[in-house]
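Visitor: Numbering (this note's numbering), first residue to last: -18 to 110.
Right under this line is the structure:
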């Protein structure tokens, strides 16, 4: 793991408290140095992109990031960026796929790993189960 990129802290849960990112906390608990946990205001910020380039990532993996990544970001990792998406793509692209599957009464769903492109959850699917 070259580094972890997380959303900036935000108010969460019913009490609207600012809570630490669970992924960041897990990484810290496992010994990842805090300077490798990046939390840019925007993924297109040039200072952040410079730091990401310096890490020379082979592959970026996203999960529940919540924003469309800019092309400048997507072009940095040698092997691209893949996203773990909680649906059997192309079904339930976009936000809240689990909730939408439940609303539709779907009995079975799954998870997909797909390359990230500028269009939401529209990249080539690598695997799904």
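Even for Gly, the Cβ is constructed at its ideal location relative to N, Cα and C. Note that the structure is predicted; figures quoted are calculated from it, not measured.
Quick check on residue 56: buried or exposed, where buried means 16 or more other Cβ atoms within 10 Å of its Cβ?
Guide: For this step, residue 56 is matched to residue 75 along the chain shown. Answer is exposed; the Cβ neighbour count stays below 16.
Visitor: Considering just the uninterrupted stretch of the beta strand (DSSP E) at residue 106, what are its terminal residues?
Guide: Taking the chain shown and counting its residues from 1, one reaches residue 106 at position 125. 106 to 109 is the span of the beta strand (DSSP E), which, as asked, contains residue 106.
Visitor: Which one of 48, 110, 65 has the shortest CA to CA distance from residue 42?
Guide: Locating residue 42 in the chain shown gives position 61, where the first residue counts as 1. Measuring from the Cα of residue 42, the nearest candidate turns out to be 65.
Visitor: Check whether the Cβ atoms of residue 18 and residue 28 sit closer than 8 angstroms, and answer yes or no.
Guide: As a working mapping, residue 18 is identified with position 37 in the chain shown. As a working mapping, residue 28 is identified with position 47 in the chain shown. No, the Cβ-Cβ distance between residue 18 and residue 28 is not below 8 angstroms.
Visitor: Would residue 111 and residue 24 be called neighbours here (beta carbons separated by less than 8 angstroms)?
Guide: A question about residue 111 goes unanswered here, because the residues of the chain that appear run from -18 up to 110.
Visitor: Which one of 102, 103, 51, 30 has the shortest CA to CA distance from residue -15?
Guide: Along the chain shown, read from residue 1 onward, the residue named residue -15 stands at position 4. Considering only alpha carbons, the answer is 30.
Visitor: Looking only at its own chain, which residues have a Cβ that is under 8 angstroms from the Cβ of residue -12, when we skip the five neighbours before and after it?
Guide: Against the chain shown, residue -12 aligns to sequence position 7. So the qualifying residues of the chain are 2, 20, 46, 47, 48.
Visitor: Nearest by alpha-carbon distance to residue 61: which of 68, 72, 53 is it?
Guide: Within the chain shown, the letter at position 80 stands for residue 61. Ranking 68, 72, 53 by Cα distance to residue 61 puts 53 first.
Visitor: Starting from residue 94, trace the beta strand (DSSP E) in both directions and tell me its first and last residue.
Guide: Locating residue 94 in the chain shown gives position 113, counting from the first residue. Run containing residue 94: 93 to 96, per the beta strand (DSSP E) assignment.
Visitor: Quick check on DSSP: helix, strand or coil for residue -14?
Guide: In the chain shown, counting from the first residue as 1, residue -14 sits at position 5. Residue state, collapsed to three classes: strand.
Visitor: Within the region 39 to 103, note down every full beta strand (DSSP E) run reaching 3 residues or more, in order along the chain.
Guide: The qualifying runs are 41 to 44, 62 to 66, 93 to 96.
Visitor: When DSSP builds the beta bridges, which residues end up paired with residue 19?
Guide: As a position in the chain shown, residue 19 is number 38, starting the count at 1. DSSP output for residue 19 lists -14 as bridge partner(s).
Visitor: Measure the Cβ-Cβ separation of residue 82 and residue 38 and say whether it is below 8 angstroms.
Guide: Numbered from its first residue, the chain shown carries residue 82 at position 101. Numbered from its first residue, the chain shown carries residue 38 at position 57. For residue 82 and residue 38, no; Cβs fall outside 8 angstroms.
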